[in-house]
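Contents: one structure, followed by commentary.
Numbering (the working numbering), first residue to last: 18 to 113.
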């Protein structure tokens with residue numbers, strides 16, 4: 018789930034509140050980013066469009082912005098080692 022953390026922080030660090038169209042995180046493929054964007058939207062940490070189609074290799078999404086919860090998650094991930102309560106809560110939900 019480290020990629021989730023990196024993506025949320027990258028979107029929050031953007032200059033205008035919108036996720037960049039070409040969000041890239043070193044060491045991760047476009048497919049990994051698209052799947053984790055899908056997870057962020059499904060978890061309510063981000064708003065965006067589900068972009069999965071018949072030719073997709075897995076679930077995909079395009080993030081547009083973070084939600085209030087996404088910003089709370091970013092603050093916890095930035096301020097506390099391991100992301101604190103928000104990070105732990107998200108990891109528990111993701112494991113279900």
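Every residue, glycine too, gets a C-beta built ideally from N, C-alpha and C.
- Burial is judged here by how many other beta carbons sit within 10 angstroms of a residue's own beta carbon; residue 80 has at least 16 and is buried.
- DSSP places residue 65 within a strand segment (E or B) once states are collapsed to three.
- A residue is called buried when at least 16 other Cβ atoms come within 10 angstroms of its Cβ; residue 24 meets this threshold and is buried.
- Going by C-alpha positions, residue 48 is about 14 Å away from residue 38.
- 20 is the residue among 20, 91, 75 whose C-alpha sits nearest the C-alpha of residue 43.
- Of 40, 60, 61, the smallest CA-CA separation from residue 51 is found for 40.
- By the beta-carbon neighbour count (other beta carbons within 10 angstroms, threshold 16), residue 75 is exposed.
- For residue 56, the uninterrupted alpha helix (DSSP H) run begins and ends at 47 to 60, by DSSP.
- Around the CB of residue 87, 16 or more other CB atoms lie within 10 Å, so the residue is classed as buried.
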